[in-house]
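Numbering (the working numbering), first residue to last: 714 to 931.
Right under this line is the structure:
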């Protein structure tokens, strides 16, 4: 593990520093890359192919619930992701697991927990708090559909969920309006949605306490 490269994604500098400190207690030689938003997360993964593990907070600028987890799993399926979150509700942990996380570390956990979790995940295993969550077919279906989206399509989808029109999305993302229309069409097809409203409902399902099954049958 002396050459291990870990990406830590958290928008709170103090909390991110605490995670780095905890990681270095068990893996002092690890190379650490830090990011603070969904956009810089995507860029770092593209720029640093040596990354072997992502420690990910769920709440960052540019992310909506589990969207960053789904992006990493879809675009970089060989890189395991461990969620590090202050929200350790059993439902959140279950959904993180269903959406492809290899582990879940509550931010309230002792420092040595990060070392234990990282060791387990790098050994090909998983690490979750002691519990036996039920797995949801709805979550699995949602994860599979969302994993097909490109990073730009994720951004367009989040704008859709905020009720923005194509012209407004184009302005927000610096795109041509026709490009936005193409993205919206592709998003609806990949998510098997019949309307923008239905796609927005799926974004709500990305929230940790959202209804994962909403909109999947219609």
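C-beta atoms are modelled at their ideal positions from N, C-alpha and C, and glycine is treated no differently.
| Neighbourhood of residue 845 by C-beta distance below 7 Å, restricted to the same chain and skipping five residues each side | Residue placement at residue 845 is poorly supported in this model, since its pLDDT is 42, which falls under 50; the coordinates still yield a value, given next. Cβ within range, chain order: n/a, list empty.
| In the structure shown, what three-state DSSP assignment does residue 778 receive? | coil
| Taking the Cβ atom as the reference point for each residue, do residue 865 and residue 907 lie within a distance shorter than 8 Å? | no
| query | According to the neighbour-count rule (16 or more other Cβ atoms, all chains shown, within 10 Å of its Cβ), is residue 802 buried or exposed? | reply | exposed
| field | Pick from 874, 856 and 826 that is closest to residue 735, judged by C-alpha positions | value | 826
| query | Sorted by chain position, which residues of the same chain lie with C-beta nearer than 8 Å to residue 733's C-beta, five sequence neighbours on each side aside? | reply | 721, 745 and 747
| query | Skipping 5 residues on each side, what residues in its chain have a beta carbon closer than 7 Å to that of residue 867? | reply | 780 and 784
| One or two residues paired with residue 813 in a DSSP bridge | DSSP, once it has assigned bridges, lists no residue as partnering residue 813.
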